[in-house]
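J.: Got a structure for you, questions after.
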Amino acid sequence: MSPNLRIAFRFLTAKKRAMLMSLSCTVLGVGLFIVTQATTSGFEDFFVRTLLGTDGAMRIEDRKQSTLQSMEAAGGSGAHILQREGVKYIEGVEEPQLIKDAVRNFANVRGVSAVLRGNVQVTSPFKTEDAQIFGIKLDEHRLVSELERKITTPGGLGKFLESTSAVLIGRVLADRLQLSVNDSIVINARGESRRYHLAGIYESGSRDIDKTRIYLDLGEARSLLRRPTGATFVQISLHAPNRAREDAAHMEEVLGHSVRPWQEREKEWLSVFRALRVSSAITVTVFTLIASLAMFNTLAMIVLEKTKDIAILRSMGYERRDITQIFLWQAAIVLGIGALLGGLFGAAVTWGVSLVPLPINTLFKTQTFIVSWSVWHYVQAIATAVVMVMVASLVPARRAARLEPGDIVRGTAQ
Amino acid sequence: MSTVVTPASAPRVGDLALRCNALQRYLGQGEGRVHVLKGVSFEARRGQVYAIVGPSGCGKSTLLYLLGLLDQPDGGEIEINGQPMSNRDDFARTAARGAHIGFVFQFHFLMLEFTALENVMMPMRKLGRLTPAAMEARARSLLDSVGLGAKTHRLGTQLSGGEQQRVAVARALANQPSIILADEPTGNLDVKNSALVFDLLTRLAKDNGQAVVLVTHNPEIAQRCDVTRPMRDGLFV
Ligand SMILES: Nc1ncnc2c1ncn2[C@@H]1O[C@H](COP(=O)(O)OP(=O)(O)O)[C@@H](O)[C@H]1O
Ligand SMILES: [Mg+2]
């Protein structure tokens, strides 16, 4: 052990009460930081997972048609000067197969699925409701959504694959129509009615989705909606969903269609979560600030009490640097123990919070408080505490180092 | 042509260890500003014991702090082993304190959270010349020689004032400094222990060729020193 560390340790243990005070502040600071991060980002992550699991990382929607004017350039070189007048959007994807093939060339793309959407009315023996049908090819759509995992009725997707008259209905809509698996329903689109049977009920996690969407086979949807070609949109899942913006911009350029990444699609909710994150960051910073003030206080007190010892150390050859180190070591010891205990405390509270019942059934579906477990929360919490506490400790440590031994022994040090 | 490298001549008894010239020191601020040292000159040689005597408040401690490089003069020069020190930076003065000077304070002697042994080892740890085992052995033998061999593991708080003072003397000797400055080192001690401490200091001066400068009120001790310098009102008389 270095002499300075040894001295630091002894100074600290001599002031147990003050030391425990700043230690507990550090533990609380680090712990609450972790808990706040875990809970805030827990809900956000869960929301993002929910929406990526249903609507994919991005969607290719409308075709862009640039209104271009070409003029023969003067000099007759044959070159065209293209002038951009504006962009017109043509609804839907007219050539889904071409788009799908092109999209598959992007390295980040995991799956591509063309979807045909149409407004319908669905009738059960009890009731009629407005709904939307989503025509999908299941083998494609499996790769861009978690539909498979979200089926809550026994048998999963098995029955859906068996026949083209099978449909999947969201939990909310099924409840409204008082339907259970194998019941039959009538779907009415553009004046034409067809009978289907319910192959499964899914819960996407989002109430809005669960009360409107009916999934059925793409071919059947085409026939029902009388749309033999084209798609409403092409849904894409990515290996790295966080790169959706960049990929979307790139695709938009290459494909000439508007491509909406999930960040843009869910802008409103994401900005709510961002605001939540900022506000919790402020709270969390206050915790750490308190920890650093406590450390400042403890060290300032120890400096005051140990001026004579500082004079003795200086008289026998300890440099200003050593004195600074002795006090910074004290902060470091408290931080070290505080980070460890704070991490454990944070993990324990996070775990406790994750058991708290909190049924939510709108934006996403959960029974308990959602927390996210990320080593980054611990790294951030500890790094913040280290920076703030060390900065706060620097002041008393440097003050101690500046003391003149002569002034101390005469009793005129200030 | 061959160069004969001669080792720097080993310090010998009689060499000048400490010299100061025309030291001036003012203390206090504004109205309360006092001219404490009014041009003090002094020399200490290796192997000699010096006593500074004088009435309380005449500036003895102030002078000793200056000689120990714990304070800076307002005028005059200080040399330690031939090196001018009065206008050096803090780093150089700190290094000189660690390597050449052992200081015994008038009050507050020990770091109380540490044992007697740790207190004595403290300067050695900073200097780092010895192995930890050698440091401990040396600290034990120093404590033995001040009569505290049985109390090496007592904390500072568990020692009497006189015992603390003796540990402080042992600590001042830890790095074998060429200069030992002691501000009333026997002030708190009974006759037996002041004789013990004084004998130790004089023996070291003779055996190791150290210069010992002590402030004392004890006329008997002053008499037994090689040189006695009486001081009055900021000047040697
Ligand atoms: N901070 C101070 N301000 C003003 N005068 C001081 C201060 N400290 C000490 N003095 C004065 O300096 C003089 C010398 O003090 P000191 O060296 O401690 O005397 P001694 O050790 O000989 O008893 C005393 O008269 C004392 O009053
Ligand atoms: Mg004095």
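Keeping their order, the protein sequence lines are chains A and B.
Just so we're aligned, residue 459 is where the first sequence starts under this note's numbering, counting upward by one.
Just so we're aligned, residue 80 is where the second sequence starts under this note's numbering, counting upward by one.
Here a beta-carbon is modelled for each residue, glycine too, at the ideal position from N, C-alpha and C.
Within the 7 Å Cβ cut-off, does Ile-770 (chain A) reach chain B?
T.: Answer yes: the Cβ-Cβ gap between Ile-770 (chain A) and chain B drops below 7 Å somewhere.
J.: Which word fits Trp-809 (chain A), buried or exposed, when buried means at least 16 other C-beta atoms lie within 10 angstroms of its C-beta?
T.: Counting Cβ neighbours within 10 Å, Trp-809 (chain A) comes out exposed, since fewer than 16 surround it.
J.: Nearest chain B C-beta to Arg-468 (chain A) closer than 7 Å, yes or no?
T.: For Arg-468 (chain A), the answer is yes, since a Cβ of chain B falls inside 7 Å of its Cβ.
J.: If you measure from the beta carbon of Tyr-105 (chain B) to each beta carbon in chain A, is any gap under 7 Å?
T.: By this cut-off, Tyr-105 (chain B) is not an interface position.
J.: Quick one: using the 10 Å Cβ neighbour count with 16 as the cut-off for buried, is Tyr-660 (chain A) buried or exposed?
T.: So Tyr-660 (chain A) counts as buried.
J.: What are the boundary residues of the alpha helix (DSSP H) that Ile-784 (chain A) is part of?
T.: 778 to 812 is the span of the alpha helix (DSSP H), which, as asked, contains Ile-784 (chain A).
J.: Pick out whichever of A:Arg-856, A:Ala-855, A:Thr-842 and A:Lys-823 has its Cα sitting closest to the Cα of Val-506 (chain A).
T.: Measuring from the Cα of Val-506 (chain A), the nearest candidate turns out to be A:Lys-823.
J.: Can you check whether the CB of Leu-676 (chain A) is closer than 7 Å to the CB of Ile-609 (chain A)?
T.: No, Cβ-Cβ distance for Ile-609 (chain A) and Leu-676 (chain A) is not below 7 Å.
J.: Of the residues A:Ala-858, A:Met-753, A:Leu-574 and A:Ala-739, which one's Cα is nearest the Cα of Met-846 (chain A)?
T.: Out of A:Ala-858, A:Met-753, A:Leu-574 and A:Ala-739, A:Met-753 has the C-alpha closest to the C-alpha of Met-846 (chain A).
J.: Measuring CB to CB, does Gly-235 (chain B) end up less than 7 Å from Leu-191 (chain B)?
T.: Contact flag set, yes.
J.: Closer than 7 Å by C-beta to Leu-437 (chain A): which residues in its own chain qualify, once you throw out the five before and the five after it? Chain order, please.
T.: Only positions 459 to 872 of chain A appear in the structure, and residue 437 (chain A) is not among them; the question remains open.
J.: To the nearest angstrom, report how far apart Pro-699 (chain A) and Ile-760 (chain A) are at their CA atoms.
T.: So the alpha carbons of these two residues sit roughly 52 Å apart.
J.: Tell me the DSSP secondary structure of Ser-737 (chain A) in three-state form.
T.: Note: Ser-737 (chain A) maps to helix in three-state DSSP.
J.: Would you tell me roughly how many angstroms separate the C-alpha atoms of Asn-462 (chain A) and Leu-734 (chain A), rounded to the nearest one?
T.: Taking the straight line from one Cα to the other gives about 44 Å.
J.: Establish whether the CB of Pro-863 (chain A) and some CB of chain B are separated by less than 7 Å.
T.: Output row for Pro-863 (chain A): interface = yes.
J.: Could you compute how far the alpha carbon of Thr-690 (chain A) sits from the alpha carbon of Glu-553 (chain A)?
T.: Distance between the alpha carbons of Thr-690 (chain A) and Glu-553 (chain A): 10 Å.
J.: So does Thr-141 (chain B) have its beta carbon nearer than 6 Å to some heavy atom of ligand 1?
T.: Thr-141 (chain B) Cβ: within cutoff of ligand 1.
J.: Go ahead and pull the three-state DSSP assignment for Thr-885 (chain A).
T.: Examination of residue 885 (chain A) is not possible in this model, given that chain A is present from 459 through 872 alone.
J.: Looking at Ser-135 (chain B) and ligand 1, is the gap between the Cβ and the nearest heavy atom below 6 Å?
T.: Yes, the Cβ of Ser-135 (chain B) comes within 6 Å of a heavy atom of ligand 1.
J.: Which class does Leu-293 (chain B) belong to by DSSP, given the choice of helix, strand or coil?
T.: Reduced to three states, the DSSP call for Leu-293 (chain B) is strand.
J.: When you compare each of A:Gly-714, A:Lys-585 and A:Val-580 to Glu-650 (chain A) by their alpha carbons, which one comes out closest?
T.: Of the listed residues, the one whose Cα sits closest to Glu-650 (chain A) is A:Val-580.
J.: Whole angstroms is fine: what's the gap from Phe-827 (chain A)'s alpha carbon to Val-602 (chain A)'s?
T.: So the two alpha carbons sit approximately 27 Å from each other.
J.: Nearest to Ala-233 (chain B) by alpha carbon, out of B:Val-113, B:Ala-195, B:Leu-252 and B:Ala-251?
T.: Looking at the sequence itself, residue 233 (chain B) is Arg, so the reference to Ala does not match. Nearest option by C-alpha distance: B:Ala-195.
J.: Can you tell me where the alpha helix (DSSP H) holding Asn-100 (chain B) begins and where it ends?
T.: Premise fails: Asn-100 (chain B) lies in the beta strand (DSSP E), 95 to 106, not in any alpha helix (DSSP H).
J.: So the alpha helix (DSSP H) Gly-511 (chain A) belongs to, where does it begin and stop?
T.: 474 to 513 is the span of the alpha helix (DSSP H), which, as asked, contains Gly-511 (chain A).
J.: Answer yes or no: the CB of Gln-185 (chain B) versus the heavy atoms of ligand 2, is any distance below 6 Å?
T.: Gln-185 (chain B) Cβ: within cutoff of ligand 2.
J.: Rounded to a whole number of angstroms, what is the C-alpha to C-alpha distance between Arg-219 (chain B) and Gly-228 (chain B)?
T.: Using only the alpha carbons, I get a separation of about 7 Å.
J.: What does the alpha-carbon distance come out to for the pair Ala-560 (chain A) and Ser-664 (chain A)?
T.: The alpha-carbon atoms of Ala-560 (chain A) and Ser-664 (chain A) are separated by roughly 31 Å.
J.: By Cβ distance below 7 Å, which residues in the same chain neighbour Lys-617 (chain A) in space, the five residues on each side in sequence not counted?
T.: Excluding sequence neighbours, Lys-617 (chain A) sits near Ala-624, Ala-657 and Gly-658.
J.: Anyone know if the C-beta pair for Asp-168 (chain B) and Tyr-105 (chain B) falls short of 7 Å?
T.: Not in contact: Asp-168 (chain B) and Tyr-105 (chain B) (Cβ atoms no closer than 7 Å).
J.: What would DSSP say about Asn-566 (chain A), mapped onto helix, strand or coil?
T.: It is coil, neither helix nor strand.
J.: Ligand 1 and Gly-107 (chain B): does any heavy atom of the ligand fall closer than 6 Å to the residue's C-beta?
T.: Gly-107 (chain B) Cβ: within cutoff of ligand 1.
J.: In the DSSP assignment, what are the bridge partners of Gln-162 (chain B)?
T.: Gln-162 (chain B) is bridged to B:Ile-159.
J.: Please check if any C-beta of chain B sits within less than 7 Å of the C-beta of Met-477 (chain A).
T.: No, its Cβ sits nowhere closer than 7 Å to a Cβ of chain B.
J.: How many angstroms separate the CA atom of Ala-253 (chain B) from the CA atom of Lys-764 (chain A)?
T.: Answer to the nearest angstrom: the Cα atoms are 22 Å apart.
J.: What residue range is occupied by the uninterrupted alpha helix (DSSP H) comprising Val-246 (chain B)?
T.: From DSSP, the alpha helix (DSSP H) with Val-246 (chain B) extends over 240 to 251.
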